[in-house]
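Each residue of the sequence shown is one higher than the one before, counting from 1 in UniProt numbering. The beta-carbon is built from N, C-alpha and C at its ideal position, and this holds for glycine as well. Quick caveat, the model's predicted, so the values are computed rather than measured.
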Amino acid sequence: MVDIYIIDLFVIGLLLLMVTLGSGWISHLPLSFALIYLVVGILLGPYAFGLIQLRRDEVFNAELLEKITELVVIISVFSCGLKIVRPLRLGTWGITTRLIVFLMPISILALAVVGKLFLGMNWGEAILLGAILAPTDPVLASEVQLTDINDEDELRFGLTSEGGLNDALAFPFVYFGLHAIKDDNWGNWFKQWIAIDLIWAIAAGIFMGFVVAKSIVWIEKRIQKRRPADELMEDFIAISTILITYSLTEMANGYGFLAVFVAGLVVQRSYRNPEKPLAQLEFVEQVEKLMEVGTILLLGSILLFQPMLNYAMQSLLVIILLFFIIRPVGVWISTIGKRPVESHRRTFHPGTKWLMGWFGIRGVGSLYYLAYAFGNGLKGEAAEQIAWITYTTIVASVIIHGISSTPLMKWYERNIANKIKSNPPTTIDEFE
Numbered sequence: 001m002v003d004i005y006i007i008d009l010f011v012i013g014l015l016l017l018m019v020t021l022g023s024g025w026i027s028h029l030p031l032s033f034a035l036i037y038l039v040v041g042i043l044l045g046p047y048a049f050g051l052i053q054l055r056r057d058e059v060f061n062a063e064l065l066e067k068i069t070e071l072v073v074i075i076s077v078f079s080c081g082l083k084i085v086r087p088l089r090l091g092t093w094g095i096t097t098r099l100i101v102f103l104m105p106i107s108i109l110a111l112a113v114v115g116k117l118f119l120g121m122n123w124g125e126a127i128l129l130g131a132i133l134a135p136t137d138p139v140l141a142s143e144v145q146l147t148d149i150n151d152e153d154e155l156r157f158g159l160t161s162e163g164g165l166n167d168a169l170a171f172p173f174v175y176f177g178l179h180a181i182k183d184d185n186w187g188n189w190f191k192q193w194i195a196i197d198l199i200w201a202i203a204a205g206i207f208m209g210f211v212v213a214k215s216i217v218w219i220e221k222r223i224q225k226r227r228p229a230d231e232l233m234e235d236f237i238a239i240s241t242i243l244i245t246y247s248l249t250e251m252a253n254g255y256g257f258l259a260v261f262v263a264g265l266v267v268q269r270s271y272r273n274p275e276k277p278l279a280q281l282e283f284v285e286q287v288e289k290l291m292e293v294g295t296i297l298l299l300g301s302i303l304l305f306q307p308m309l310n311y312a313m314q315s316l317l318v319i320i321l322l323f324f325i326i327r328p329v330g331v332w333i334s335t336i337g338k339r340p341v342e343s344h345r346r347t348f349h350p351g352t353k354w355l356m357g358w359f360g361i362r363g364v365g366s367l368y369y370l371a372y373a374f375g376n377g378l379k380g381e382a383a384e385q386i387a388w389i390t391y392t393t394i395v396a397s398v399i400i401h402g403i404s405s406t407p408l409m410k411w412y413e414r415n416i417a418n419k420i421k422s423n424p425p426t427t428i429d430e431f432e
């Protein structure tokens with residue numbers, strides 16, 4: 001009898017071959033690669049061939065899911081940083097600031113209220129649910145992110161920078177929810193949460209991302225002058241930068257996701273030859289796409305019909321409110337009075353706002369936070385409830401955002417982005 005592992009390798013290889021050769025057709029269809037991976041993952045799960053088993057003897061391997069999703073997210077946020085070439089000035093990063101400082105708390109608070117008032121959760125569980133589902137995903141949102149380092153589109157920039165940062169900055173609220181679940185007397189841990197989980201961890205993430213990336217680039221330049229690295233191996237410098245930055249930041253109790261995103265920004269700006277970071281970006285994106293396949297296959301394989309049905313009404317409520325009310329209204333509030341950098345308009349085009357509100361894609365980041373919560377105190381009925389609401393929300397996002405992203409972005413390019421490009425502002429000063 002053939003080993004299941006060998007069959008898994010054959011199926012994954014066949015899947016990669018099919019989606020690669022068919023990518024020219026798939027990219028023009030209202031269909032995402034993630035949706036294909038999800039369907040295949042379901043077929044490989046317990047309801048069909050049973051070739052992928054993250055559950056054995058009713059025990060769910062949350063630790064494996066956490067480690068895989070963690071690796072995918074750090075690669076993805078580094079990629080987001082590498083794509084961004086805008087100057088590090090508040091005026092040019094205004095949309096990002098608003099999406100993180102205003103939209104993130106609005107989304108978490110709104111979801112927490114839904115959890116408390118409608119889902120029967122206590123505040124700790126409700127805030128944890130909000131923190132898990134509030135961040136947009138940097139992994140599954142490639143269709144709506146910056147296409148390359150020369151892309152200056154405001155919508156794509158906002159979604160790319162948001163995806164790179166909010167997966168890091170949701171972590172304080174994940175910790176908040178976990179603290180509240182363990183001890184409902186907030187006075188016992190709130191000051192520590194402010195000092196350590198909020199202020200220190202964010203500051204350490206920014207500092208370590210800058211220092212570690214700068215140090216690696218400096219060392220590389222010195223060594224490369226004396227003896228250049230083998231061309232075949234050179235792109236692995238990007239992976240080493242990701243892993244070293246993340247691990248050292250975590251050792252310092254900082255947010256590794258944030259540090260890796262900052263490292264991507266630093267690397268992008270540290271070479272006089274623009275081809276250097278571009279080559280790293282291409283390599284990192286290839287690794288990211290390969291990791292995405294495995295992660296979404298795993299997601300499809302862990303879905304179970306009966307638990308999803310048990311929490312179907314709760315999940316549907318969260319999905320409708322999050323995708324159609326909380327995210328769009330939150331974006332609208334967050335962008336009040338914001339001028340687009342690349343346009344003569346005094347405010348964002350309503351279509352740009354609407355699309356920014358619509359593309360709140362949920363995915364691998366939420367899976368990671370859920371798996372992390374499993375290993376850090378989330379258990380029992382609350383764990384089941386939050387887990388199946390999260391799984392169902394991610395599946396819904398993969399389906400509806402995957403189907404809508406291609407036609408909507410084509411509409412955006414044709415009716416909004418191209419008109420902005422043909423009428424650029426005469427000076428940048430009036431927008432800073």
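Alpha helix (DSSP H) segment containing residue i, residue limits
i	result
Arg156	154–169
Ser107	104–118
Phe305	305–310
Phe207	201–226
Val364	364–374
Leu90	Looking at the DSSP string, Leu90 is not in any alpha helix (DSSP H), and its letter there is neither H nor E.
His401	380–412
Asp183	Per DSSP, Asp183 belongs to no alpha helix (DSSP H) and is neither H nor E.
Leu14	4–21
Thr335	Segment: none, Thr335 is in no alpha helix (DSSP H) and carries neither H nor E.
Tyr37	33–44
Leu129	123–133
Arg98	94–98
Val322	The sequence shown places Leu at residue 322, rather than the Val named in the question. Per DSSP, Leu322 belongs to no alpha helix (DSSP H) and is neither H nor E.
Leu355	350–358
Reference residue i; option with closest CA among the options
i	options	result
Gly164	Gln145, Leu198, Phe173, Gly187	Gln145
Ala382	Met121, Ile12, Ile84, Arg98	Met121
Pro350	Leu367, Gly363, Val329	Val329
Leu111	Gly380, Leu322, Trp332	Leu322
Asn166	Phe102, Ile149, Asn253	Phe102
Ala141	Leu128, Ile132, Asn150, Leu159	Leu159
Ala252	Phe207, Ile400, Gln224	Phe207
Trp218	Tyr271, Asn188, Phe190	Tyr271
Pro105	Gly205, Leu71, Pro172, Leu35	Pro172
Leu128	Ala387, Met409, Phe359	Ala387
Gln192	Gly205, Phe176, Ala204, Asp184	Phe176
Leu88	Arg222, Val262, Ser404, Leu31	Val262
Val293	Tyr37, Asn188, Trp25	Tyr37
Ser334	Ile4, Ser27, Gly94, Leu16	Gly94
Leu17	Leu119, Ile4, Leu290, Glu70	Leu290
Ile149	Phe118, Arg86, Ala168	Arg86
Ala238	Glu220, Val19, Leu21	Glu220
Proximal residues to residue i (C-beta, below 6 Å), its chain only, five neighbours per side dropped
i	result
Ser79	Val284, Glu285, Glu288
Thr426	Reliability fails at Thr426, whose pLDDT of 48 lies under 50, so the model's placement of it is uncertain and the value that follows must be treated cautiously. Within the same chain, Thr426 has no close Cβ partners at all.
Gly254	Ala201, Ala204, Gly205, Met208
Glu250	Gly256
Pro407	Pro30
Ser32	Gly402
Neighbourhood of residue i by C-beta, 7 Å cutoff - its chain only, sequence neighbours within 5 removed
i	result
Ile7	Leu51
Ile74	Ile242, Tyr246, Gly256, Phe257, Val260
Leu82	Gly264, Val267, Gln268, Pro277, Gln280, Leu281, Val284
Asp429	The pLDDT assigned to Asp429 is 41, lower than 50, so where the model puts this residue is not dependable, and the model offers no usable value.
residue 512	The structure shown does not extend to residue 512, since the chain spans only 1 to 432, so no value can be given for it.
Ala126	Ala112, Gly115, Lys116
Ile296	Ala34, Tyr37, Leu38, Gly41
Met409	Glu143, Val144
Contact set for residue i: own chain, Cβ-Cβ below 8 Å, skip 5 residues either direction
i	result
Gly377	Leu178, Ile181, Lys182
Trp354	Pro328
Leu9	none
Thr352	Glu154, Leu155, Pro340, Tyr412, Ile416
Thr393	Leu133, Ser315, Val318, Ile319, Leu322, Arg362, Ser366
Leu90	Thr97
Leu198	Pro172
Trp189	His179, Asp183
Val174	Leu128, Ala131, Ile132, Tyr369, Tyr372, Ala373
Glu432	Any reading at Glu432 needs caution, since the residue's pLDDT is 38, under 50, leaving its predicted position unreliable; the model's value is listed next. Only Arg89, Gly91, Thr92 meet the Cβ criterion.
Ile400	Phe323
Val39	Gly300
Beta carbon proximity, residue i to chain B, threshold 7 Å
i	result
Thr20	In summary, chain B is missing from the structure at hand, where a single protein chain is found.
Please specify which runs of the alpha helix (DSSP H), each continuous and at least 4 residues long, are wholly inside the stretch 247–288, giving them in chain order.
-> 256–268
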